[in-house]
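K.L.:
Dropping the structure in here first, questions after.
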Amino acid sequence: MENYLFPFIALITSAIVTAAVMPYLLKTCYKYGLYDQPNGRKVHKHPIPRLGGIVFVPAMLTGVLIAIAIMHFNSIETPNT
1 MENYLFPFIA LITSAIVTAA VMPYLLKTCY KYGLYDQPNG RKVHKHPIPR LGGIVFVPAM
61 LTGVLIAIAI MHFNSIETPN T
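My numbering puts the first residue of the sequence shown at 1, with every later residue one more than the last.
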């Protein structure tokens, strides 16, 4: 497999993990009221979930680890018989 595919695999995996986990995080924020309420000092006009960015680090780590695992298992040579 070509070396330029591994970052692409990590990106796609991270996006899939983020898309899968984010709805559950938003439900948790709604359930416990974990929203940043707008006021005169805020730019946003609607409540914004406070935990939205917490998904990105695990998603990036998952993507990178899967890409590294694929790279590792791809580099193992099979013995000639």
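Glycine residues also receive a C-beta, built at the ideal position from the N, C-alpha and C atoms. No experiment lies behind these values; they were computed from the predicted model shown.
1) For T13 versus T62, is the C-beta spacing smaller than 9 angstroms?
2) What ranges does the alpha helix (DSSP H) occupy inside the segment 48 to 79, keeping only unbroken runs of at least 4 residues that lie completely in it?
3) Could you check the C-alpha separation between F59 and Q37 for me, to the nearest Å?
4) Do you know how far the Cα of G33 is from the Cα of N39?
5) Would a C-beta distance cut-off of 9 angstroms place I66 and A15 closer than the cut-off?
P.N.:
Based on what the coordinates show:
1) Contact flag set, yes.
2) If we require 4 residues or more, the alpha helix (DSSP H) runs fully inside the segment 48 to 79 come out as 56 to 75.
3) Note that residue 59 is Ala in the sequence shown here, rather than Phe. A59 and Q37 have their C-alpha atoms some 27 angstroms from each other.
4) Taking the CA atoms as reference points, N39 sits about 16 angstroms from G33.
5) For the 9 angstroms CB-CB criterion, I66 and A15 do not form a contact.
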